[in-house]
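Novice:
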Amino acid sequence: MKQLSSSQIRQMYLDFFKSKGHTIEPSASLVPVDDPTLLWINSGVATMKKYFNGSVVPKNPRLTSSQKSIRTNDIENVGRTARHHTLFEMLGNFSVGDYFKKEAITWAWELLTSDDWFGWDPELLYMTVYPQDDDAKQFWQEAGVQPDHIIEAEDNFWDIGEGPSGPDSEIFYDRGESFNNLADDDPENYPGGENERYLEVWNIVFSQFNHEPDGSYKPLPRKNIDTGMGLERVVSVFQNAKTNFETDLFLPMINATEDFSDGKKYNADPKLDISFKVIADHSRAITFAIGDGALPSNDGRGYVIRRLIRRAVVNGRKLGINGAFLYKLVPVVGEVMKSYYPEVLEQADYIAKVVKSEEDRFNETLTDGLALLNDLVAKTKKSGAKEIDGADAFKLYDTYGFPVELTREYTLDEGITVDEDGFKAEMKKQQDRARNARSKNESMGVQSDLLINVKSASEYVGYTQLDVKAAKVTDIVADGALVDGAETGTVQVVFDKTPFYAEMGGQIADQGDVLAADGSVAATVADVQHAPNGQNLHTLKLQQPMHVGDTFELKVDAAFHSKVEKNHTATHLLDQALRNVFGGHTQQAGSLVEPNYLRFDFTHFGQVTEDDLAKVEAIVNEKIFEEIPVTTVETDQATGKKMGAIALFSDKYGDKVRVVSIGDFSIEFCGGTHVKNTNELGLFKIVSETGIGAGTRRIEAVTAGDAYKYLKGHDDLLTTTATVLKTPQVEEVPAKVAQLQEQIKALTNEKAAVEAKLAGQQADKIFDNVQEINGKQLITGVVQVSSMDQLRQLADTWRQKKLSDVLVLGAQVGEKANLIVAASDDAMKAGIKAGDLIKAISPKINGGGGGRPNLAQAGGKKPAGLNDAMSEAAKWLSNLA
């Protein structure tokens, strides 16, 4: 067996398929883009959906990648099994309507067995195939696999519901007798069975059917190949590791954790080994997830990160680690993965800051959780019960991060079990809530060839001109079919040349008209999108007939276009200004460029102050006033990156890219339209800033004329305010407002003093009216006060003077009725509780209330019932036994 590192194995796989004509796709962000069906990117094929469903045609139908992925559906198994992980890498090769079974199988065998590549012993490899897939069996044998190493398996059919599906072939590696954990005659002791000896290392899916809505299977118009090879598993084979954790992908984190512990060592105690593995696994997942823009929170992706951090911290406690430590593993993860993911080390300080903040917060919570668990154990033992309630166990899990197995282990020593059925019921409720919150869309749409077959050349010229005099119609789509012509209605049209920008990168599509030869409007342009083969696909509302081959003038709405490009250039200035103010970790998380405003989402851990926004706004306006030329060059990606261009991690870029430079202040890859000079923006004004999710903020802003209108509106408000305040200059408004606030404060205090004096005078009269009822003294009365606070003050005075056993006061405040009941210490000893009495009398005012035994209050909607409430109080006291 060759001695290879994980980085060498990953690169060897990619290099092999590159030699077979595949394009290496970079690993996409873990946070899905434009895919509401996924919480995380969970496989290599997840990033290829647009190619397989036909919405986009790749420049090269042969693709390969090593895609980082996250799955947390069985997180409880992480650390307990040899191969469960939250974050993993999926090596894959993909064919989009190009090669099929023969090539996929032949190349797989070559990669695995050739001495130039993996060089594995062919005798140790076994393949499973779908029983009806005779082609796969034949091609494996032709490649060199012995018939007795090909095993038929009924479950070798990949199907996720509607969409592409087909048979698959799994490849297993025989790790030898030393890994055999079953008896020779055990029915699971074979390649494909549940055992440790035969390790599945690769799955090749032959996607050849559409699973139709009616349940039938129809041949795909284009057959595809989708494969998945788990890097962690393959590394364990090369490095002869007992589990994935004894490889160079995990051991550095395990060794670092040993150093943080109080002398604990890996492979010394099976129970503690679980904690080492959990920490190593989770440290990778949270590092990559935060690096891709997700942050800890109470829902969605943020909740997953929070749960992983908490689970790691709890396992750290088992190893004797009491302080924050997980953040120290971030640079360790970065070093392990730097050959393919250099961005992790580049962001290590920021990621570590986020992790430490969450650790510190949870360590405080964890102490509370342990205290709660001890209380539950004590109460359970005191009651004589033998089981902790499932809801309480779930609260420990959900609120304090205690996995149920930890609660179970902790209570077992006390002779107490956990109501696990109750816990599971609570867990199911939570899972149902999470499932219902996700989109109901299918994970991959049914493949359609309609627009894929639109291959006419179309040139976009809108960067330099907004009017094309003679544009020829090459394709028309109406009512879901390609047609030669249409008379009326809404159609989709491709022209051989167009000035209309197709929506992309947050910038909305151009609007405008299609003009006939006589200058009349033949159609209006409602929308423009990219067709699968890249052409600009115009959605037109026809006003005149249109046929393939017809020629029209295409005219963009210049005013609309100009406002959009101003706002697009402003987003570039804003993006860089945010980085300058908050730091390089700030990333664009989405944008929308409209003619009347721009919206910009960005990642930021923490609050944004008014001072921060003022700095950002000042920087953008400074660059506008400097009148910086905006230049655009078309080049290759490598050259663009050398120029310092910023690329959105979620975006895919072609061989040729446009680099938009605003002097040396901002350099970005961008396919949008822009002004020629920043002075065209005129003015930039932020109109709002809000948080829209965990670690994601949103700014809305306006430029040019819209910025002027915004500021003019505020100026008009200020001028009107000055007129109302009778100040001759608007500059005097703040001082005048401050003066009025002081006057209001003084008048409020004076009013309160007068009300208190009046209340005291009323109290003197009321407090003299003491009733003797059932051996107890009662004072009741309806008073004129302005708030419940004054009623409470009267009750305090009554208590200090010890004027009776029970006090009941009522007042009308505005349109509502308020009641307060107070009971003396002697009254409470006799069984009189203020809370009981308030409940008895509050219905008279159509209200309700409650409180402590010595003081209770109520509110209601019927002030006319206050006197009835007083009478009811006397009646209640007289009936008291």
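Residues 1124 to 2004 in the numbering used here are what the sequence shown lists, from first letter to last.
Quick reminder that beta carbons are idealized off the backbone N, C-alpha and C, glycines included.
Run the CB neighbour count on LYS1748, radius 10 Å, all protein chains shown included, and call it buried at 16 or more, exposed below.
Specialist: Start at 1 with the first residue of the sequence shown, and residue 1748 comes out as number 625. Looking at the sequence itself, residue 1748 is Phe, so the reference to Lys does not match. In summary, PHE1748 is exposed, with fewer than 16 beta-carbon neighbours lying within 10 Å of its beta-carbon over all protein chains present.
Novice: Please state if the CB of LYS1956 and the CB of GLU1995 are separated by a distance shorter than 9 Å.
Specialist: Counting from 1 along the sequence shown, the entry for residue 1995 is found at position 872. Counting from 1 along the sequence shown, the entry for residue 1956 is found at position 833. No, the pair does not count as a contact, with Cβ atoms beyond the cut-off.
Novice: By Cβ distance, which residues of its chain are closer than 8 Å to LYS1985, with the 5 residues on each side in sequence left out?
Specialist: As a working note, residue 1985 is residue 862 in the sequence shown. Taken in chain order, the residues that qualify are ALA1940, LYS1967, ILE1968, ASN1969 and GLY1970.
Novice: Helix, strand or coil for PRO1986, going by three-state DSSP, please let me know.
Specialist: Residue 1986 sits at position 863 when you count from the first residue of the sequence shown. DSSP places PRO1986 in helix when its eight states are reduced to three.
Novice: Along the chain, where does the beta strand (DSSP E) that runs through ILE1599 open and close?
Specialist: One-based indexing of the sequence shown puts residue 1599 at position 476. Counting along the chain, the beta strand (DSSP E) containing ILE1599 begins and ends at 1590-1601.
Novice: Measuring CB to CB, does ASP1906 end up less than 9 Å from ALA1876?
Specialist: What you label residue 1906 is simply residue 783 of the sequence shown in a count that begins at 1. What you label residue 1876 is simply residue 753 of the sequence shown in a count that begins at 1. Note on residue identity: the sequence assigns Val, not Asp, to residue 1906. No, they are not a contact pair.
Novice: What are the uninterrupted segments assigned as alpha helix (DSSP H) that are 4 or more residues long and contained completely in the region 1790-1849, given in chain order?
Specialist: 1827-1848
Novice: Does the pairing of the region 1271-1282 with the region 1160-1172 give three or more beta-carbon distances under 8 Å?
Specialist: no
Novice: Suppose the cutoff is 8 Å on Cβ atoms and the five residues either side in sequence are ignored; what does the same chain contact list for ASN1363 look like?
Specialist: The sequence position of residue 1363 within the sequence shown is 240, counting from 1. Cβ contact annotation for ASN1363 (same chain, cutoff 8 Å, sequence separation greater than five): MET1124, in chain order.
Novice: Evaluate SER1152 with the Cβ neighbour count: other Cβ atoms within 10 Å of its Cβ, from every protein chain shown; 16 or more gives buried, anything less gives exposed.
Specialist: Your numbering for residue 1152 matches position 29 in the sequence shown. Answer is buried; the Cβ neighbour count reaches 16.
Novice: Check for me: the alpha helix (DSSP H) holding LEU1701 runs from which residue to which?
Specialist: Looking up residue 1701 in the sequence shown gives position 578. In the DSSP annotation of this structure, the continuous segment of the alpha helix (DSSP H) that includes LEU1701 starts and ends at 1681-1705.
Novice: Go to GLN1760, then tell me how far its beta strand (DSSP E) extends in each direction, as first and last residue.
Specialist: Here residue 1760 refers to the residue found at position 637 when the sequence shown is read from its first residue. Segment 1760-1765 is the alpha helix (DSSP H) holding GLN1760; no beta strand (DSSP E) there.
Novice: Touch check for the region 1510-1521 and the region 1445-1455: three-plus C-beta pairs under 8 Å?
Specialist: Not touching, per the Cβ criterion.
Novice: In terms of alpha-carbon separation, which member of ASN1318, ALA1266, ASN1445 and THR1187 lies closest to MET1352?
Specialist: As a working mapping, residue 1352 is identified with position 229 in the sequence shown. When only C-alpha atoms are compared, the closest one is THR1187.
Novice: Please give me, in chain order, every unbroken run of the beta strand (DSSP E) with length at least 3 that falls completely inside the region 1209-1284.
Specialist: 1210-1219, 1248-1252 and 1273-1275
Novice: From what residue to what residue does the alpha helix (DSSP H) around ILE1432 run?
Specialist: The residue you call residue 1432 lines up with position 309 of the sequence shown. ILE1432 -> alpha helix (DSSP H) spans 1423-1441.
Novice: Specify, as a first and last residue, the run of the beta strand (DSSP E) that THR1920 falls within.
Specialist: Along the sequence shown, one-based indexing puts residue 1920 at 797. Careful: THR1920 lies outside any beta strand (DSSP E), inside the alpha helix (DSSP H) at 1911-1924.
Novice: Which of the three DSSP states, helix, strand or coil, is assigned to GLN1730?
Specialist: Here residue 1730 corresponds to residue number 607 of the sequence shown, with the count starting at 1. GLN1730: coil per DSSP, three-state reduction.
Novice: Note down, in chain order, each residue of its chain lying with its Cβ closer than 8 Å to the Cβ of SER1562, except the 5 sequence neighbours on either side.
Specialist: As a working mapping, residue 1562 is identified with position 439 in the sequence shown. A caution first: SER1562 carries a pLDDT of 42, below 50, which makes its placement in the model too unreliable to give a value.
Novice: Considering only residues of the same chain and omitting the five flanking positions on each side of ALA1514, which have a CB-CB separation below 7 Å?
Specialist: Here residue 1514 is taken as the residue at index 391 of the sequence shown, counted from 1. Closer than 7 Å at the Cβ level, and outside the excluded window around ALA1514, lie GLY1545 and GLU1549.
Novice: ASN1659 by DSSP, collapsed to three states: which one?
Specialist: Position 536 of the sequence shown holds residue 1659. Looking at ASN1659 - three-state DSSP - the assignment turns out to be strand.
Novice: In the DSSP assignment, find the unbroken alpha helix (DSSP H) run with ASP1138 in it and report its ends.
Specialist: For the purposes of this step, residue 1138 is taken as the residue at position 15 of the sequence shown. Counting along the chain, the alpha helix (DSSP H) containing ASP1138 begins and ends at 1129-1142.
Novice: Return the residue from the list VAL1201, ASP1239 and LYS1260 that minimises the CA-CA distance to LYS1225.
Specialist: Translated into positions along the sequence shown, residue 1225 becomes position 102. Of the listed residues, the one whose Cα sits closest to LYS1225 is LYS1260.
Novice: When DSSP labels each residue in this structure, what does THR2010 get in the three-state scheme?
Specialist: Nothing in the structure corresponds to residue 2010, since the chain is present only between 1124 and 2004.
Novice: Restricting to Cα atoms, I'd like to know which of LEU1248, GLN1885 and GLU1469 is closest to TYR1321.
Specialist: Mapped onto the sequence shown, residue 1321 falls at position 198. Of the listed residues, the one whose Cα sits closest to TYR1321 is LEU1248.
Novice: What is the rounded straight-line gap between the Cα of SER1566 and the Cα of ASP1157?
Specialist: Your numbering for residue 1566 matches position 443 in the sequence shown. Your numbering for residue 1157 matches position 34 in the sequence shown. Legend: pLDDT at SER1566 = 47, less than 50; position of this residue unreliable, no value from coordinates given.
Novice: Along the chain, where does the alpha helix (DSSP H) that runs through VAL1477 open and close?
Specialist: Taking the first residue of the sequence shown as position 1, residue 1477 is located at position 354. Its alpha helix (DSSP H) spans residues 1471-1506.
Novice: With a 10 Å radius around its C-beta and 16 neighbouring C-beta atoms as the bar for buried, classify GLN1553 as buried or exposed.
Specialist: The residue labelled residue 1553 in the question sits at position 430 within the sequence shown. Under this definition GLN1553 is an exposed residue.
Novice: Would you say the beta carbon of ILE1198 is closer than 8 Å to some non-hydrogen atom of the ligand SAH?
Specialist: Because no ligand of any kind appears in the structure shown, any question about the ligand SAH cannot be addressed here.
Novice: Start and end of the alpha helix (DSSP H) containing HIS1405?
Specialist: Counting from one through the sequence shown, the residue named residue 1405 turns up at place 282. Its alpha helix (DSSP H) spans residues 1393-1414.
Novice: Going by alpha carbons, who is nearest to ALA1516 out of VAL1798, GLU1543 and GLY1538?
Specialist: Walking along the sequence shown from the start, residue 1516 turns up at place 393. Comparing Cα-Cα distances from ALA1516 to each of VAL1798, GLU1543 and GLY1538, the minimum goes to GLU1543.
Novice: For the 8 Å Cβ check, are there 3 or more pairs between the region 1783-1794 and the region 1755-1772?
Specialist: yes
Novice: According to the neighbour-count rule (16 or more other Cβ atoms, all chains shown, within 10 Å of its Cβ), is ASP1415 buried or exposed?
Specialist: Numbered from its first residue, the sequence shown carries residue 1415 at position 292. Answer is buried; the Cβ neighbour count reaches 16.
Novice: Residues bridged to LEU1189 by DSSP?
Specialist: Taking the sequence shown and counting its residues from 1, one reaches residue 1189 at position 66. One detail in the question is off: residue 1189 reads as Ser in this sequence, not Leu. BP columns for SER1189 point to LEU1214.
Novice: Let me know the secondary structure DSSP gives VAL1156 once reduced to three states.
Specialist: In the sequence shown, counting from the first residue as 1, residue 1156 sits at position 33. Here DSSP, grouped into helix, strand and coil, assigns VAL1156 to coil.
Novice: State the start and end residues of the unbroken alpha helix (DSSP H) segment that holds LYS1173.
Specialist: Counted from its first residue, the sequence shown places residue 1173 at position 50. Segment 1172-1175, the alpha helix (DSSP H) holding LYS1173.
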